[in-house]
Amino acid sequence: MSTAIRPAAVAGMFYPAAAPALARELDRLLGAVARTDAARAPKMLVVPHAGYVYSGPVAAHAYALLAPWRGRIRRVVLLGPAHRVAVRGLALPTVDAFETPLGRVVLDAELLARLGQLPQVVRDDDAHALEHSLEVQLPFLQHMLGAFTLVPIAVGDASAEEVAQVIELAWGGDETLVVISTDLSHYLPYAQARAADRATVDAIMDLEPKLRHHQACGATPLAGALLAARAHGLAPRLLDLRNSGDTAGDRARVVGYCAVAFDAPQDGARKAGPGDEAHDATLGAALLGRAHNAIARELGLAPSAAEPAHPALAAPGATFVTLHRRSALRGCIGTLSAERPLADDVRLHALAAAFRDPRFEPLELHEFAELEIEVSLLEPAQPLGSASEAEAHSALRPGVDGVILEWRGRRATFLPQVWEQLPQPREFLAALKRKAGLAADFWADDLRLSRYRVRKFAQARRMS
Numbered sequence: 006m007s008t009a010i011r012p013a014a015v016a017g018m019f020y021p022a023a024a025p026a027l028a029r030e031l032d033r034l035l036g037a038v039a040r041t042d043a044a045r046a047p048k049m050l051v052v053p054h055a056g057y058v059y060s061g062p063v064a065a066h067a068y069a070l071l072a073p074w075r076g077r078i079r080r081v082v083l084l085g086p087a088h089r090v091a092v093r094g095l096a097l098p099t100v101d102a103f104e105t106p107l108g109r110v111v112l113d114a115e116l117l118a119r120l121g122q123l124p125q126v127v128r129d130d131d132a133h134a135l136e137h138s139l140e141v142q143l144p145f146l147q148h149m150l151g152a153f154t155l156v157p158i159a160v161g162d163a164s165a166e167e168v169a170q171v172i173e174l175a176w177g178g179d180e181t182l183v184v185i186s187t188d189l190s191h192y193l194p195y196a197q198a199r200a201a202d203r204a205t206v207d208a209i210m211d212l213e214p215k216l217r218h219h220q221a222c223g224a225t226p227l228a229g230a231l232l233a234a235r236a237h238g239l240a241p242r243l244l245d246l247r248n249s250g251d252t253a254g255d256r257a258r259v260v261g262y263c264a265v266a267f268d269a270p271q272d273g274a275r276k277a278g279p280g281d282e283a284h285d286a287t288l289g290a291a292l293l294g295r296a297h298n299a300i301a302r303e304l305g306l307a308p309s310a311a312e313p314a315h316p317a318l319a320a321p322g323a324t325f326v327t328l329h330r331r332s333a334l335r336g337c338i339g340t341l342s343a344e345r346p347l348a349d350d351v352r353l354h355a356l357a358a359a360f361r362d363p364r365f366e367p368l369e370l371h372e373f374a375e376l377e378i379e380v381s382l383l384e385p386a387q388p389l390g391s392a393s394e395a396e397a398h399s400a401l402r403p404g405v406d407g408v409i410l411e412w413r414g415r416r417a418t419f420l421p422q423v424w425e426q427l428p429q430p431r432e433f434l435a436a437l438k439r440k441a442g443l444a445a446d447f448w449a450d451d452l453r454l455s456r457y458r459v460r461k462f463a464q465a466r467r468m469s
């Protein structure tokens with residue numbers, strides 16, 4: 006049976022076409038980077054994709070990190086923008102291998118088949134035939150990793166959530182590296198490009214997925230990757246930020262490049278959101294104050310809690326508001342998707358938890374003094390990607406994951422706080438199925454599980 010190959014398309018243009026010359030060029034670029042030791046391999050890299058003379062010195066800062074992990078990273082999931090062919094969704098090739106002057110890279114057929122079952126994924130060899138954003142990464146990867154399997158994905162018209170779902174399904178463990186190929190601004194004057202690219206990198210470092218294509222040609226795959234980084238608690242490290250005016254071109258019209266590594270949290274630690282503990286404390290006070298005062302007004306009381314300002318309040322946000330009285334649940338209502346400004350969302354769900362939770366009578370005035378308010382701020386949900394219930398049990402992270410279960414119109418969720426009552430994944434998932442109206446031992450191939458994280462802010466006693 007013959008092997009279908011995608012041959013090199015830009016060898017001799019973006020990088021040397023002869024293997025000896027290419028190897029020497031890679032040695033030169035990587036040799037200029039100071040080596041650093043790390044306890045773990047990066048889980049994800051963001052790298053540029055121009056010709057090596059322009060962006061190679063920047064890309065080398067990311068790829069040099071892989072030297073200690075040769076033989077241990079055995080699969081690379083590579084995403085880049087589709088420059089040549091219009092693509093609706095994310096395009097996978099049908100071939101068996103990609104070829105460069107350094108040899109062939111075999112594709113991971115099993116994972117490609119799994120990804121191909123997602124509705125936003127298509128098979129399209131035309132999208133890959135001339136695509137340089139993926140090809141230029143391969144010689145670096147071959148040089149640093151030796152043998153590995155490849156999952157190449159050309160990203161077209163897709164949402165950040167659609168990209169994140171694909172990345173989540175391909176996430177794997179320490180054997181899998183995710184690489185995002187993107188340049189930054191295009192053809193701005195040098196000083197203007199430096200300012201624009203700095204702002205874009207600041208957004209990347211804040212894991213902010215709302216990027217535009219004038220900021221990064223790979224904004225779509227990058228945005229999806231940032232959602233995945235949020236979900237997994239990855240910590241970004243800026244390795245290099247330059248443009249073609251710094252490397253090989255003139256400074257009248259330049260293209261920006263960055264190299265960023267994303268590291269997995271150590272010992273289960275989670276990277277905090279934008280800012281520090283004081284930043285989060287202010288956000289917590291802002292949310293709790295607005296929830297408290299919304300309920301007070303509804304009861305005819307004067308609002309007595311401070312409502313500090315916070316930049317996140319104007320952005321879309323998803324919250325659950327949980328009420329307790331005398332340590333017993335008194336109401337819990339929320340949403341799983343960010344559909345309105347965060348300030349409006351927390352007020353809406355505070356009122357719903359107090360007065361419209363169908364499990365309880367509406368809150369009465371005499372109860373308010375004993376009310377305890379908790380606000381959970383949800384991060385975007387990501388598919389769990391488990392093919393069986395046993396896989397789901399293994400993948401769930403007790404105390405960390407909120408979980409959404411969906412099956413043929415049925416839907417239920419548990420916040421991470423529920424792990425305190427149900428600490429074992431088996432009993433946690435069984436209770437969630439019962440909440441959705443299903444039997445505890447129910448399982449179906451089309452049952453969908455997603456997980457999310459929350460930031461929890463609790464006020465143990467009345468603020469007034």
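Going by our numbering, the first residue of the sequence shown is number 6, and it counts up by one from there.
For each residue, glycine too, the CB sits at the ideal point set by N, CA and C.
Keep in mind that this is a model prediction, so the values were computed, not measured.
{"query": "Proximity of Ser138 and Gly223 at Cβ, strictly below 9 Å", "result": "yes"}
{"query": "Simplified DSSP state of Arg275, which is helix, strand or coil", "result": "Caution is warranted here: a pLDDT of 42 is assigned to Arg275, below 50, making its placement in the model unreliable, and the coordinate value is therefore given only provisionally. Note: Arg275 maps to coil in three-state DSSP."}
{"query": "Which of helix, strand or coil DSSP assigns to Asp281", "result": "Here the model assigns Asp281 a pLDDT of 41, short of 50, so the residue's position is not dependable, and the following value carries that caveat. If DSSP states are grouped into helix, strand and coil, Asp281 belongs with coil."}
{"query": "Alpha-carbon spacing of Gly61 relative to Arg335, whole angstroms", "result": "59 Å"}
{"query": "Thr154, enclosing beta strand (DSSP E) - first and last residue", "result": "154 to 160"}
{"query": "Helix, strand or coil at Arg203 [DSSP, three-state]", "result": "helix"}
{"query": "Through-space distance from Pro430 to Ser399, alpha-carbon basis", "result": "8 Å"}
{"query": "Distance, Val90 Cα to Leu353 Cα", "result": "45 Å"}
{"query": "Nearest neighbour of Val15, chosen from Ala159, Thr225, Ala234, Ala55 [CA to CA]", "result": "Ala55"}
{"query": "Proximity to Gly261 [Cα-Cα], best of Ala317, Ala204, His315, Leu212", "result": "Ala204"}
{"query": "N-terminal and C-terminal residue of the beta strand (DSSP E) that Ser399 is part of", "result": "First-last for Ser399: 394 to 400, but that is the alpha helix (DSSP H), not the beta strand (DSSP E)."}
{"query": "Backbone secondary structure at Gln486 - three-state DSSP", "result": "Residue numbering for the chain in the displayed model covers 6 to 469; residue 486 lies beyond these limits and cannot be assessed."}
{"query": "Helix, strand or coil at Leu107 [DSSP, three-state]", "result": "coil"}
{"query": "Backbone CA spacing between Ala9 and Ala175 [nearest angstrom]", "result": "23 Å"}
{"query": "Closest by C-alpha distance to Thr287, when choosing among His297, Ala314, Glu303, Pro308", "result": "Ala314"}
{"query": "Closest by C-alpha distance to Trp424, when choosing among Leu434, Ala417, Arg415", "result": "Leu434"}
{"query": "Thr287 in three-state terms, based on DSSP", "result": "helix"}
{"query": "Candidates Asp129, Leu83, Trp74: closest to Thr99 by CA position", "result": "Asp129"}
{"query": "Among Ala392, Thr340, Arg330, the one whose alpha carbon lies nearest that of Leu368", "result": "Arg330"}
{"query": "Helix, strand or coil at Pro194 according to DSSP, with G and I counted as helix", "result": "coil"}
{"query": "Start-to-end residues for the alpha helix (DSSP H) that takes in Ala266", "result": "Element bounds for Ala266: not the alpha helix (DSSP H) but the beta strand (DSSP E), 259 to 268."}
{"query": "Inter-residue Cα distance where the pair is Asp350 and Thr327", "result": "13 Å"}
{"query": "For Pro86, the residue or residues it bridges with in DSSP", "result": "Val160"}
{"query": "Cutoff 7 Å; reference Leu143; Cβ partners in own chain excluding five residues on either side", "result": "Phe103, Thr105, Val110"}
{"query": "Contacting residues, own chain, Cβ-Cβ under 8 Å from Ala28 (five flanking each side not counted)", "result": "Leu107, His148"}
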